[in-house]
Each structure stands twice: as C-alpha cells, then as structure tokens.
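Chemist: Quick one: the structure is below, questions incoming.
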Amino acid sequence: MLSEFPPKLVRRPLTNPNETKDKFYEDLSCVITEVPRADKLIILGDFNARVGRGGVSWEGVIGKHGVGNCNNISLLLLQTCAEHGLLITNTIFNLPTRNRTLWMHRHSKHWHLIDYVIIRKRDRQDVRVTKTMKAPKRLNIGKQKDSNVKQLFTDTLEQRLDPIVLQGKDIEEAWTALRVTLYDTAMECLGPSTKKHKDWFDENCTEIKQLLEEKHRVYKAHLTDPQVSFKEGQTADCTEHHPNEVAPDPGFLA
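Shown next as structure tokens:
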C-alpha cells in the first residue's frame, strides 16, 4: 500500500514546476516497479489531478463514471497508470456525485475529484462499494468466571492447537491460523455476548409522562390568559424603544 501526496506546483525562484512534477512521477514509477507483480498494490493519494470522464480515451485506466474534465496535471497520472496496468477505482461505480467526489468549489458549485484509490486492473473484482462493515460478534467473556467453562475452553483450545503446525509457515499464515482457532474456540465455549444497553426510558416513562402533561396544561393556560396579548404588546413596544434596558420577564415566559 502506497500513500502519495505530490508537491503543489507553485512557481518559486530557481524552480521549475514541470520538473518537480516529472520528478515525482518518475519516483512513483520506480516505486511501483519495485513491488512484485504477484503482490496486490493499492495507491492512495491526493494527486491534485482531474482525470475527467475520458473512459474511452483511457480505457482500462478510467471507468465510465468519472467526474468533470481532465486537466494538464492528470496526463502524467494517466500515463503512469497505463504503463503499469493500474485502474482508478473512483471512476468505476455509478454513485451519486457527492459520493464520488471530494469537495465542491464554493464559487462555481462544481464537484471535484482529486483523491484517488488506484489498484492493479486484475484486482478489479476485489473492490466493492461499502458504507458499513459488520463487526464480528463479541464474546461473552463473563462466562470465564465459571470454572467449568474456563476449563472447557482451555482443554478445547489445547486440543485444537496441537495439530496446527506453525513452523515453516509464512508469518501471516501462522497468525491467521492461530487467530481463527482462538476465536472459533472461544465462540464455541463462551458464546456470543447478549448484553444490551439498558433502556432508561421505560423505567422513567411514568415520570416523564407526568411532566409532559403538566407542561401542556401550563401552556394551554398561558394561551387562554386574556392578559397575554396585552403583555406581549407592552413588551414589544418597550423592547423597540429601549432594547438595551428591557428584558423579558422570566415569570411571564414560564
């Protein structure tokens, strides 16, 4: 996984923005080349490049759902992607504009997309539109206080760990095997957590209902008071002529 942030192309003394831009993409290309072809590759970054909707011109690099028009800076990004067989995933899903873009220009009101998630084209099937991710079930760790359950968990885990051969395995494979065995055994022996947040409203329902009824009763009495219109008129008149000296009467508002 690479995180990229190209330098802003601002003219400075003794510097050439084009040289800075070319140097960045040369370095990026070298880094991509060093990644083994068999490995998955994910490039994340604010490239400040607008690739637009050129799905036909850059088929395989841009999808059919780009945003806006391309700018000059985008050419090097597109060429780099084409050279290394990369796909800009932000442009392959037909989503609402606000979900495909980063920000809206406050004057033109145009949506812009300059942050990209770039992968190898062959890994296209791994990309999904995901708004939420379901978390694994929590373990009922409270059952560990039961000595019988605790002993069952210990014995079962020992039996399942014995057949697992970790020596000679890749570190990721060994960790995955250990993690899955530990979690599955704990879920089987302890079970999922069933604890839920206590509903405070039900316990206080009667008290809340009484308060609401009292509030409505006082409000109706306030509306039917013949003096209300007179008091409101007097308050508005005084506030208009003496705005800094007159404040509403708390008793009246209550």
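Position 61 of the sequence shown, counting from 1, maps to 61 under full-length UniProt numbering, and the rest follow consecutively. Ideal placement from N, C-alpha and C gives every residue a C-beta, glycine not left out.
1) Give me the Cα-Cα distance between C81 and V180, rounded to the nearest whole angstrom.
2) Helix, strand or coil: how does DSSP classify D170 here?
3) CB-CB under 8 Å to T156, same chain, minus the five flanking residues each way: which ones, in chain order?
4) So the candidates are L182, I114, C30; which of them puts its Cα closest to the Cα of C70?
5) Quick one: Cα of P96 to Cα of L152, how far?
6) Mind the definition here: the stretch 58–66 touches the stretch 29–44 only if three or more C-beta pairs lie below 8 Å; say whether that holds.
7) In angstroms, rounded to a whole number, what distance separates the CA positions of I92 and K23?
8) What is the residue span of the alpha helix (DSSP H) that I155 lies within?
9) Pull up the DSSP beta-bridge partners for S3, would you.
10) Less than 6 Å between C-beta atoms, sequence neighbours within five positions excluded: which residues of the same chain meet that for E34?
11) With which residues is R120 paired in a DSSP beta bridge?
12) Where does N90 land, buried or exposed, given buried means 16+ other C-beta within 10 angstroms?
13) Determine, using beta carbons only, whether Q144 and K137 come nearer to each other than 9 Å.
14) To the nearest angstrom, how far is it from the Cα of K169 to the Cα of D126?
15) Using 9 Å as the threshold, is the C-beta distance between I73 and V117 below it?
16) In this structure, does DSSP put I208 in helix, strand or coil?
17) Consult DSSP for D225 and reduce its assignment to one of helix, strand or coil.
18) Where DSSP assigns a beta bridge to I62, which residues make up the other side?
19) Checking 9 Å against the spacing of the C-beta atoms, do L178 and L161 come in under that value?
Modeler: The structure says:
1) Between the alpha carbons of C81 and V180 lies a gap of roughly 37 Å.
2) In this structure, D170 counts as coil in the three-state DSSP scheme.
3) For T156, where only same-chain residues beyond five positions count, the Cβ hits under 8 Å are T185, E188, C189.
4) Shortest Cα-Cα distance from C70 to any of L182, I114, C30 involves I114.
5) Rounded to the nearest angstrom, the two C-alpha atoms are 52 Å apart.
6) Contact check between the stretch 58–66 and the stretch 29–44: fewer than three CB pairs, one atom from each, fall below 8 Å, which does not count as touching.
7) So the two alpha carbons sit approximately 29 Å from each other.
8) Going by the sequence as given, residue 155 is Asp instead of Ile. Per DSSP, D155 is one residue of the alpha helix (DSSP H) stretching across 147–161.
9) S3 is bridged to L44.
10) Result list for E34: empty, nothing under 6 Å.
11) Per DSSP, the beta-bridge partners of R120 are L86.
12) Of the residues assessed, N90 falls on the buried side of the cut-off, its CB having 16 or more other CB atoms within 10 angstroms.
13) With respect to K137, Q144 sits apart: the two C-beta atoms are not nearer than 9 Å.
14) A direct Cα-Cα distance of roughly 25 Å separates K169 from D126.
15) No. Outside cutoff.
16) Here I208 sits in helix by DSSP.
17) Looking at D225 - three-state DSSP - the assignment turns out to be coil, as it is neither helix nor strand.
18) In the DSSP output, where bridge partners are listed per residue, I62 has E59.
19) Yes, they are a contact pair.
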